[in-house]
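Under the working numbering, the first residue of the sequence shown is numbered 61, with each subsequent residue one higher. This report concerns only the one structure given below.
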Amino acid sequence: MDLKNLPPAMVSQLVTMVEDYIDNSRKKYASQAVPLTDAQRNVMQPFFPAAVLDSARLCVLRGTRVSNPSMYPMAKMMGIRNLPDFSEMAAITFVDVIVSHQEFTDALLFHELVHVVQYAQLGLKEFAARFVNGFVQGGSFEEIPLEKFASALEARFSQNRGEPFSVDDEVRQWREVEKS
Ligand SMILES: [Zn+2]
Numbered sequence: 061m062d063l064k065n066l067p068p069a070m071v072s073q074l075v076t077m078v079e080d081y082i083d084n085s086r087k088k089y090a091s092q093a094v095p096l097t098d099a100q101r102n103v104m105q106p107f108f109p110a111a112v113l114d115s116a117r118l119c120v121l122r123g124t125r126v127s128n129p130s131m132y133p134m135a136k137m138m139g140i141r142n143l144p145d146f147s148e149m150a151a152i153t154f155v156d157v158i159v160s161h162q163e164f165t166d167a168l169l170f171h172e173l174v175h176v177v178q179y180a181q182l183g184l185k186e187f188a189a190r191f192v193n194g195f196v197q198g199g200s201f202e203e204i205p206l207e208k209f210a211s212a213l214e215a216r217f218s219q220n221r222g223e224p225f226s227v228d229d230e231v232r233q234w235r236e237v238e239k240s
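Okay, structure coming up:
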């Protein structure tokens, strides 16, 4: 089915489900997550507010993977394809808890910290709404503006680490342009 034809009531139901998924996953992994190391902090410090670096927690999974939202079978039955497979992603951020399936590279950590800033500025509810609406409008995970923006800033970081910029400011400006 064309996702854009999903009834608004269905979309808002999906938003609530994604919100619950994020919140539950955050709680699930928070207890085994640890703060950034000093080395990681030093690399990220020119780009991120101290509060974000203080609050973010990292969890590297070994021998297990993040499970997908429980509503996936239902969504598939409804004919929604292209659902992002979180179990196959390098890492995923649940508010301030970053869960990774591999050791963190600087680029990966940077990308996920951009999501932490997005959550901090938008709040969980708005983040979930933008995530679902971005998917519905764009038709794939890669087209979700939250995601495209994080990837763009990650590329900027990777291309020139010597030129710091404020991710907090960038996200704020982006929100002005990308009203949900
Ligand atoms: Zn991402």
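Note that CB positions come from ideal geometry on N, CA and C, so glycine has one too.
Look at the alpha carbon of residue i and the alpha carbon of residue j, and state the distance between them as a whole number of angstroms.
| i | j | result |
| --- | --- | --- |
| V159 | I140 | 26 Å |
| E238 | E223 | 25 Å |
| N128 | L143 | 10 Å |
| S115 | S91 | 13 Å |
| M104 | A135 | 37 Å |
| P68 | A99 | 46 Å |
| R101 | V126 | 25 Å |
| S200 | A188 | 15 Å |
| V192 | A110 | 29 Å |
| P256 | F170 | Residue 256 cannot be examined here, being either before or after the span of the chain that is shown, 61 to 240. |
| M137 | M70 | 14 Å |
| Q181 | P133 | 31 Å |
| L74 | F195 | 11 Å |
| A93 | L63 | 35 Å |
When DSSP labels each residue in this structure, what does residue i get in the three-state scheme?
| i | result |
| --- | --- |
| V155 | coil |
| R235 | helix |
| V126 | coil |
| Q105 | coil |
| N142 | coil |
| G183 | coil |
| I204 | coil |
| N84 | helix |
| L63 | helix |
| E223 | coil |
Figure out for me which residue from the options has the closest Cα to the Cα of residue i.
| i | options | result |
| --- | --- | --- |
| M149 | M138, F217, E163 and A110 | E163 |
| G183 | D166, A167 and F154 | F154 |
| Y81 | Q178, S130 and R232 | S130 |
| Q233 | R221, L213, T97 and S218 | L213 |
| L121 | M137, F146, H161 and V78 | H161 |
| T76 | E202, D229 and R190 | R190 |
| T124 | A188, S147 and R117 | S147 |
| K88 | V71, L118 and V112 | L118 |
| S218 | L74, D166 and I152 | D166 |
| R86 | L74, F225 and I152 | I152 |
Considering only DSSP beta bridges, list what residue i is partnered with.
| i | result |
| --- | --- |
| S160 | V120 and A151 |
| V33 | No answer is possible for residue 33: it lies beyond the span of the chain, which begins at 61 and ends at 240. |
Three or more C-beta pairs under 8 Å: does that hold for the segment 161-176 against the segment 198-213?
yes
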